[in-house]
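Following: one structure in structure tokens, then a few remarks.
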Amino acid sequence: MLKHFRYTNWVRLLRGKNILPKPAEPLNWNTLKADVSKIFISLPDDTRHIHVVNHMLSRILSENPSLHISVLVPPTFEDFIRGMRCYKSIYILPPVKPTTFPITEEMVTETAGEMCDIGIDLNISPYILSHYLIATRSEKASLGFYNVFSAPLLSMTLKLRETSSYDNGFESLLMMAGLPIPEQKAL
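Written out as structure tokens, the structure is:
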């Protein structure tokens, strides 16, 4: 309870200092998606999900190589993602506990120059550092899965039902961001 109260005050402070964008008007997804060329994605901190995400993103990039996708990678998957060579920029998250806050810009100096049209955080579980980076580096909108810590930081969150799959939620976030999802080719 105390941690949630401190977190709420920290988010309020970030908004007061204009570190987090305050939505001036409701998002118009149709016009927003038309102008998307640079995307910043925080990859999930989960072995199964990172493989699903990486496979889909590599298919998207092979069909649309002009798309600029930068990724934020948990330290445990650094070697795997660096070996892919399909992303424009790769940033490695510093090793912190997923619910550590407050986050300071000194902790994330490597990503200081990374700005994008839309940011997508693909972590289902709370990972405050990735939520913060996606929220502060996105100029138009930030998307992600709902959890108690992501909801106040991101522009829009997607809440999965217990019967929903991660894969469907991930595809929904990509569609909201305006990314074309390649069709699966039959063998």
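Heads up, this note's numbering is the position in the sequence shown plus 49, with the first residue counted as 1. All C-beta atoms, glycine included, are put in the ideal place defined by N, C-alpha and C.
Which one of the options has the shortest CA to CA distance from residue i?
{"i": "Glu188", "options": "Thr57, Gly65 and Phe89", "result": "Phe89"}
{"i": "Leu63", "options": "Glu154, His104, Val85 and Phe219", "result": "Glu154"}
{"i": "Val157", "options": "Lys66, Ile177, Leu171 and Ile169", "result": "Ile177"}
{"i": "Met164", "options": "His100, Lys137 and His98", "result": "Lys137"}
Closer than 7 Å by C-beta to residue i: which residues in its own chain qualify, once you throw out the five before and the five after it? Chain order, please.
{"i": "Ile139", "result": "Val120, Val122, Ile130 and Arg131"}
{"i": "Pro151", "result": "Trp59"}
{"i": "Tyr56", "result": "Phe150 and Phe198"}
{"i": "Ser174", "result": "Pro147 and Asn196"}
Residue i to residue j, Cα distance in whole Å?
{"i": "Lys52", "j": "Gly65", "result": "20 Å"}
{"i": "Ser179", "j": "Leu142", "result": "8 Å"}
{"i": "Ala235", "j": "Arg108", "result": "Any reading at Ala235 needs caution, since the residue's pLDDT is 46, under 50, leaving its predicted position unreliable; the model's value is listed next. Looking at the two C-alpha atoms, the distance is approximately 15 Å."}
{"i": "Asp166", "j": "Gly218", "result": "20 Å"}
{"i": "Leu222", "j": "Ile169", "result": "7 Å"}
{"i": "Tyr215", "j": "Ser91", "result": "15 Å"}
{"i": "Val145", "j": "Glu112", "result": "35 Å"}
{"i": "Lys87", "j": "Gly227", "result": "11 Å"}
Residues in the same chain with beta-carbon distance under 6 Å from residue i, minus the five sequence neighbours each way, listed in chain order, please.
{"i": "Cys135", "result": "Ser107 and Leu110"}
{"i": "Thr206", "result": "Gly193, Tyr195, Ser199 and Ala200"}
Only counting the same chain, and skipping five residues up and downstream in sequence, which positions put a Cβ closer than 8 Å to that of residue i?
{"i": "Glu220", "result": "Met105 and Ile230"}
{"i": "Leu69", "result": "Val60, Leu63, Ala184, Thr185 and Leu202"}
**Message:** Which complete alpha helix (DSSP H) runs does the region 177-207 hold, if anything under 4 residues is left out?
**Reply:** 177-186
**Prompt:** Considering only residues of the region 105-183, which uninterrupted beta strand (DSSP E) runs meet the minimum length of 3 residues and lie entirely inside it, listed in chain order?
**Reply:** 117-122, 138-141 and 165-170
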